[in-house]
Structure formats: C-alpha cells, structure tokens
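So that you can map any letter, position 146 of the first sequence is 995 in this note's numbering, and since no number is skipped, the others follow by simple counting. Here a beta-carbon is modelled for each residue, glycine too, at the ideal position from N, C-alpha and C. The structure presented is a predicted model; accordingly, all values stated were derived computationally and were not measured.
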Amino acid sequence: MTTEEVLKVLAILKNHYPTWNAPVVTFIAISQGSPYQVLVATLLSLRTKDEMTREAAVRLFQRADTPEKMLRLSEKAISEIIYPVGFYRTKAKRILEITKILLEKYGGRVPDTLEELLSLPGVGRKTANLVITLGYHKPGICVDTHVHRISNRWDYVNTKNPHETEFALREKLPIEEWIMYNDILVAFGQTICRPISPLCDNQCPVNHLCPKRGVNKHR
DNA sequence: AAAACGGGGGC
DNA sequence: GCCCCAGTTTT
C-alpha cells in the first residue's frame, strides 16, 4: 500500500476505533494518567495480554500512583498486586529499580527524551516511545508486534525487525498521524487483524483495501 | 504441549 | 544479526 492508501484505511478504522477497547497504556493516558503511570503501565504490558495488564495496572495504581508511594511497597507486595501478569517478579523488581533512579537522578520525574528514557534499565525503544507519545504527547512511533505485523501485512513497509519498521514509518508516515497510527493498529490488531486467523471476511472494515485479505490465515 | 503476549538485553 | 530470558493465559 502507498501512504495515500494507508491514510484512507486509517480514516476508515478511526470510525471503528470507539467500538474497540483502547489499548491499556492509551487508557491510562486518557484517564489523566501521569507520565509515571504511563511508564509503569508500559513496563507491565511487556509481552503480556492487554486485558491482564489493564487489571493489574488499575490495582497497582490504587496502591501507588507516584514514585514516592511506589517505593513504600516491597518487591513481594508489588508482585502480588500485579499477578497474574507474566514475568511479575522481574517486572516488580524493574519498577522499583527504575523508580529509585527517577527519584535519585530526576527528582522523581520521568524523563521526556529518547536518550534519557533508553538509559533506564529495561526500557527499550517501544517503551521509550510510548512514554514520549502517551505520557508527554510528543510525536513518536512505537513499534510493537501489532504495528510491525500489520505494517508488513499491508505491504506498507517491508521490514524484518521492529527497528527497521520504526525507521521506515518515520520516513513515510505524516508526523500528525504517528500517534493515531500506533493506537489504531494495536486496537485493530488485538481484535480483528490478529496474528493468527485474522477476522478478514466478516469483521474487517478495510478488507476490500487489504492486499493480504484471505491469504493470511496464519502469520 | 505449544503458541501468544503492545520486548529487552547481551553478545 | 541471533539467542536467551521471564510467567501466565489461550488455543
């Protein structure tokens, strides 16, 4: 697909967007979540189903929604709160580790630049870009499995790894669409344009524009 | 049993 | 670039 065609597809998907659950981190952001909450929710979401992450994030923020409050919780306590999110021990440890750094080096604030965010342990490009876009409302592209998969499924980019996808999208996609592109592809990818057995025939509102419709019964 | 989950780090 | 890691839910 060309950029022009992708923009047409996005316009159609935008109309369907309200019928899908907003992705967790987006949900946190639009419900007045702080950059710190966006960061923590993103850490929870790594390799974890959206719904599990959402429930865990809500429970955790009831107990601690600021770095100061978070440090009062033990690693074990956090583990129990965020269960059954996968990798919960690692994530609890990482949340505390990063929170300490935020308090020691950044006065309790979350950095808003890519470089500073990437310097935090356990923060890669996807996490950093999500904090920048949803925490600080600055332009960025965070490529997760959905963005990567669907961008390639549309033949919009032809890339092997997420980093290439991010670079290609930065070149091709108008900057005004970056955040919406992310948001919509995640919501769309979780419900319709799934990795395996996507719902092309009955439920996809853009199947008539998709070069891979019916072909992608798997992967 | 195996795949999937809005990856990250080490090399 | 490739390989390994962490745990739970879903298929």
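Can you tell me whether I1024 is helix, strand or coil according to DSSP? helix
Have a look at P806 and G1038 and give me their C-alpha separation to the nearest angstrom. Since the first residue of the chain shown is 850 and the last is 1068, residue 806 is not available in this structure.
Return yes when the Cβ of I879 is within less than 9 angstroms of the Cβ of A871, no when it is not. yes
Taking the straight line between their C-alpha atoms, what separation do you get for V855 and L920? 44 angstroms
Where A977 falls, given that 16 or more other Cβ within 10 Å makes a residue buried: buried
Where R1002 falls, given that 16 or more other Cβ within 10 Å makes a residue buried: Here R1002 is buried: its Cβ has 16 or more other Cβ atoms, across all protein chains shown, within 10 Å.
Cut-off 6 angstroms between Cβ atoms - residues of its own chain near Y1005, not counting five sequence neighbours on either side: M850, V855
Helix, strand or coil for F876, going by three-state DSSP, please let me know. helix
Please report the distance separating the alpha-carbon of L963 from that of I930. In this model, L963 and I930 are separated by some 29 angstroms (Cα to Cα).
Would you kindly check if the distance between the Cβ of L1022 and the Cβ of I1069 is under 9 angstroms? Nothing in the structure corresponds to residue 1069, since the chain is present only between 850 and 1068.
In angstroms, rounded to a whole number, what distance separates the CA positions of P916 and R1062? 46 angstroms
Can at least three beta-carbon pairs, one atom from the region 1015-1035 and one from the region 1044-1062, be found at a separation below 8 angstroms? no
Applying the criterion that 16 or more other CB atoms from any shown protein chain within 10 Å of the CB defines a buried residue, is G956 buried or exposed? exposed
Decide if R1068 is buried, meaning its Cβ has at least 16 other Cβ atoms within 10 Å, or exposed. At R1068 the pLDDT is 48, less than 50, meaning the model places this residue with poor confidence; the figure from the coordinates comes in the next sentence. With fewer than 16 Cβ atoms within 10 Å of its Cβ, R1068 is classed as exposed.
Buried or exposed: D1050, going by 16 or more other Cβ atoms within 10 Å of its Cβ? exposed
Closest residue to Y985 among T852, Q886, T868 (Cα-Cα distance): Q886
Limits of the alpha helix (DSSP H) - the one that Q911 falls within: 899-912
Once you ignore the five residues that flank V1035 on each side, which residues in its own chain have a CB closer than 6 angstroms to its CB? P872, H995
Comparing C-alpha positions only, which one of V1055, R958, I944, E904 sits nearest to I999? V1055
Limits of the alpha helix (DSSP H) - the one that P884 falls within: 884-894
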